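Protein sequences appear in the order of chains A and B. Counting in the working numbering, the first sequence runs from 1 upward without gaps. Counting in the working numbering, the second sequence runs from 1001 upward without gaps. Okay, structure first, notes after.
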Amino acid sequence: MDFHKNILDINSEKECERICEFIKEQVFTHFRREGAVVGISGGIDSALTSALSVRALGKDKVLGVFLPEKESNPISLTYGELLAKKLGIRTEKVDLTQALESLGCYKKRDEVIKKISPAYDSSYKIKIGLPQDLLERDRINYFSLKMINPKGEEKSFRLSKEGLLGIVAATDMKQRSRMIQLYYYAEKYNYMVIGTTNLSEYAQGFYVKFGDGGVDLEPIAHLYKTQVYQLAKFLDIPEEIIKRVPSPDTFSAVVSDQEFFFCMPYDLLDLLLYAQENKIPLSKVSQVLNLSEEQITRAYRDFDQKRKASIHLNQNAPNLL
Amino acid sequence: MAIEERLRTFIQNNFLLGDKNRAIKEDESFLQSGIIDSTGVLELVNFIEETYKIKVEDEELIPENLDSIKNLIAYIQRKSAKTA
């Protein structure tokens, strides 16, 4: 099988048409609904999904929902509003802060962090992430908590299992609260919820079950992130959104997808995911990507482990006896 | 209790709850065989730090030290010898 650096290039016009047909058929024919709800994050995935939905269903049939909370990056809302204006769609804004406080999201997370570092208080910004040397050495994944004080000084703590799971469980309430709001509007207007997960995320379980994974359709889950960029350019998504560094935007300190989970830039990640999926010989991958076979094997091992750890995410219907 | 026996007991009791009779080969990779995932490794690290009073440094979180019974025993012996 062929493999080169441009292997993921697609015919943007044809692919847009194909996706739009899918959205239209699913919403209007298969599910017999009247339109679509998209949670707009100010990032490229939701921007592309919104634009495709508008193209498929018409701007009057698409509702964009902004779901900020007190720790969201303010630029998320700014870019979201910019996109909605450009697309000409109706929008709703729901501040999730109060709901998350009622659920104990911040409190539960902060209790875990205080156990790790008693000095922590709400003046600190925090994020978690993996070490970035995935290709350089054999290693076992471990998350670190980074705390940044008001002076900008950073402290890092390796997380124990309890620390990691406690922080993630509390933080995932953010995505799940977003899902509840999206379904409120979907049911209110007889719409479907359109998901924004791409293949690079889907393949490794980089989404929250019943959170951003809790949707009716996933129209871009077959597209690598680099293909998302191609279609976004084709559909004239605002340049600011295309240039924005992808981030889950669930921590008070800005953390990129790469820093948080993938440990390599998307262009490299996508080619490696493609090569692994299509069983391209290691020697060929090595030659095209200018990586050693050892480095490629390390990356594949990491993908496999992330896949294994997230098997349950893909299983939406519960197992029946 | 010998290091190997302690490790095997810990792994059986914490990671093989659904398969108590599963035998683990001495050089079997925990991660590749799916016995332990990377979150489980953190639990294992916590266990060996507390049990053997050693500090596992970030750069020591590598398969060569932690990803089989054999590697773990060698790692614990090396570290214990250094701190003794």
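Beta carbons are placed, not taken as given, at the ideal position from N, Cα and C, and that holds for glycine. Small disclaimer: the values here were computed from a predicted structure and weren't measured.
Identified DSSP bridge partners for PHE66 (chain A): Taking the first sequence and counting its residues from 1, the one referred to as residue 66 (chain A) is at position 66. In the DSSP output, where bridge partners are listed per residue, PHE66 (chain A) has A:LYS93.
Spatial distance of GLN174 (chain A) from TYR207 (chain A) (CA atoms): Here the question's residue 174 (chain A) lines up with position 174 in the first sequence. Here the question's residue 207 (chain A) lines up with position 207 in the first sequence. Sequence check: residue 174 (chain A) is Lys here, not Gln. Rounded to whole angstroms, LYS174 (chain A) to TYR207 (chain A) spans 12 Å at the Cα level.
Test: GLY1034 (chain B) CB closer than 8 Å to a CB of chain A: Here residue 1034 (chain B) is taken as the residue at index 34 of the second sequence, counted from 1. It does; some Cβ of chain A falls within 8 Å.
Neighbour list for ASP138 (chain A) in chain B, Cβ cutoff strictly below 8 Å: In the first sequence, the residue the question calls residue 138 (chain A) occupies position 138. Simply ILE1062, PRO1063, GLU1064.
Extent of the continuous alpha helix (DSSP H) run through VAL168 (chain A): The residue labelled residue 168 (chain A) in the question sits at position 168 within the first sequence. Unbroken alpha helix (DSSP H) run through VAL168 (chain A): 161-189.
Simplified DSSP state of PHE1047 (chain B), which is helix, strand or coil: Numbered from its first residue, the second sequence carries residue 1047 (chain B) at position 47. Reduced to three states, the DSSP call for PHE1047 (chain B) is helix.
Interface flag, ASP1058 (chain B) vs chain A, CB-CB below 8 Å: For this step, residue 1058 (chain B) is matched to residue 58 along the second sequence. Chain A contact via Cβ: present.
Short CB-CB distance (under 8 Å) between LEU1016 (chain B) and chain A: To locate residue 1016 (chain B), count along the second sequence from 1; it is residue 16. No, no contact with chain A.
heavy atom of the ligand ATP below 7 Å from ILE194 (chain A) C-beta: As for the ligand ATP, it is missing from this structure, which has no ligand bound.
Chain-ordered chain B contacts of SER160 (chain A) [CB-CB under 7 Å]: Numbered from 1 along the first sequence, position 160 holds the residue referred to as residue 160 (chain A). Ordered by position in chain B, the residues that pass the 7 Å Cβ test against SER160 (chain A) are LEU1042, ASN1046.
Rounded distance between the beta-carbons of LEU199 (chain A) and ALA232 (chain A), thought under 8 Å: Numbered from its first residue, the first sequence carries residue 232 (chain A) at position 232. Numbered from its first residue, the first sequence carries residue 199 (chain A) at position 199. Not a contact, Cβ separation roughly 15 Å.
Stretch pair the region 306-313 of chain A + the region 203-217 of chain A: three plus CB contacts closer than 8 Å: yes
Reduced DSSP category for ALA119 (chain A) - H, G, I as helix; E, B as strand; rest coil: Position 119 of the first sequence holds residue 119 (chain A). Of the three classes helix, strand and coil, the one that applies to ALA119 (chain A) here is coil, per DSSP.
Member of B:GLU1057, B:LYS1082, B:LYS1020, B:VAL1041 whose CA lies at the smallest distance from the CA of ILE1069 (chain B): Residue mapping note: residue 1069 (chain B) aligns to position 69 of the second sequence, counting from 1. The shortest C-alpha separation from ILE1069 (chain B) is found at B:VAL1041.
Cβ neighbours of GLY166 (chain A) in the same chain (closer than 6 Å, five flanking residues each side left out): Taking the first sequence and counting its residues from 1, the one referred to as residue 166 (chain A) is at position 166. Cβ within range, chain order: VAL112.
Selected residue, minimal CA-CA separation from LEU1061 (chain B), among B:TYR1052, B:LYS1053, B:TYR1075: One-based indexing of the second sequence puts residue 1061 (chain B) at position 61. Residue B:TYR1075 is the option with its Cα nearest to LEU1061 (chain B).
Any C-beta of chain A under 8 Å from that of ASP1027 (chain B): Within the second sequence, numbered from 1, the residue matching residue 1027 (chain B) stands at position 27. Judged by the 8 Å Cβ criterion, ASP1027 (chain B) is not in contact with chain A.
Contact belief for ASN73 (chain A) with ASP249 (chain A) at Cβ below 8 Å, rounded distance in angstroms: Taking the first residue of the first sequence as position 1, residue 73 (chain A) is located at position 73. Taking the first residue of the first sequence as position 1, residue 249 (chain A) is located at position 249. The Cβ separation is near 5 Å, so the contact holds.
Between the CA atoms of LEU321 (chain A) and GLN1012 (chain B) - distance to the nearest angstrom: Indexing the second sequence from 1 puts residue 1012 (chain B) at position 12. Indexing the first sequence from 1 puts residue 321 (chain A) at position 321. Rounded to whole angstroms, GLN1012 (chain B) to LEU321 (chain A) spans 27 Å at the Cα level.
Integer Cβ distance of GLY64 (chain A) from SER50 (chain A), believed to fall under 8 Å: Walking along the first sequence from the start, residue 64 (chain A) turns up at place 64. Walking along the first sequence from the start, residue 50 (chain A) turns up at place 50. Between SER50 (chain A) and GLY64 (chain A) the Cβ distance is about 6 Å, and since that is below 8 Å, they are a contact.
C-alpha distance - ILE1003 (chain B) paired with THR196 (chain A), whole-angstrom precision: By 1-based counting over the second sequence, the position of residue 1003 (chain B) is 3. By 1-based counting over the first sequence, the position of residue 196 (chain A) is 196. Near 49 Å, if we compare the C-alpha coordinates of THR196 (chain A) and ILE1003 (chain B).
For LEU182 (chain A) and ARG32 (chain A), the rounded distance between their alpha carbons: Start at 1 with the first residue of the first sequence, and residue 32 (chain A) comes out as number 32. Start at 1 with the first residue of the first sequence, and residue 182 (chain A) comes out as number 182. One C-alpha to the other measures close to 18 Å.
Sequence-distant residues of the same chain with beta carbon closer than 8 Å to GLU240 (chain A), five excluded per side: In the first sequence, the residue the question calls residue 240 (chain A) occupies position 240. For GLU240 (chain A), where only same-chain residues beyond five positions count, the Cβ hits under 8 Å are TYR79, LEU82.
Three-state secondary structure (DSSP) of VAL37 (chain A): Here residue 37 (chain A) corresponds to residue number 37 of the first sequence, with the count starting at 1. Residue state, collapsed to three classes: strand.
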